[in-house]
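All remarks here apply to the structure that follows.
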Amino acid sequence: MYKHVARLFNNLPIHQKLLLISTIPLASLILVSVVAYVNVQSFSQDEERLNNLYLTQKTAAQYMRLVVDIESGFRGYVLTEDARDLKPYQEALEHLREVEQDLKERLSESQQEHFKDAEALVTQFVAEKEALIRGFNRAESRACFSISKKGEDER
């Protein structure tokens, strides 16, 4: 095989030999360029996926912080029985729905199935807090305080 190629190359005129030799670096350059392009495209796609993952994690963390803010605002209200202390609770509750919607948009369908469970627990949690706040407003603060305290002890 090697002798056949050598004989073929030796029988070519000098003009064609020079043309053939000059195409080898050109072919190498094209090959390296294609490989580099594929690597850059892969890197770009990986970077985009990583960025989306980071934003999803950031939104999920913000969602959980808002749940904690709701709890903290409610506790402040229970301790002071002052309606002004419900402001952090109400602000967190308003912002929670926005963040919840943003998080739903970022999650894949399989992740949304898991998130529905967490969302149901948060909805139940908020409904319980709302019921307790209404109880406080109806001057049933002692009973609400004991219910709230009991709920804390169970966790």
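Numbering (the numbering used here), first residue to last: 886 to 1040.
Each residue gets a CB set at the ideal place from its N, CA and C atoms; glycine is no exception.
All values derive from a computational prediction rather than experimental measurement.
With fewer than 16 other CB atoms across the displayed protein chains lying within 10 angstroms of its CB, V920 is exposed. Under the three-state reduction of DSSP output, S993 falls in the coil class, being neither helix nor strand. DSSP assignment within the region 964–1022 yields the following whole alpha helix (DSSP H) runs of 4 residues or more, N-terminal first: 972–991 and 994–1022. DSSP, read as helix, strand or coil, puts L897 in coil. With fewer than three CB-CB distances shorter than 8 Å, the region 922–937 does not count as touching the region 953–960. Here K1014 is buried. Its C-beta has 16 or more other C-beta atoms within 10 Å. In this structure, L988 keeps its C-beta atom at 8 Å or more from the C-beta atom of Y962.
With fewer than 16 neighbouring CB atoms inside 10 Å of its own CB, V917 falls in the exposed class. E998 places its beta carbon 8 Å or farther from that of E985. A direct Cα-Cα distance of roughly 22 Å separates L904 from M886. Around the beta carbon of A891, fewer than 16 other beta carbons lie within 10 angstroms, which makes this residue exposed.
The residue among L914, K943, Y974 and Y939 with its C-alpha nearest the C-alpha of A1012 is Y974.
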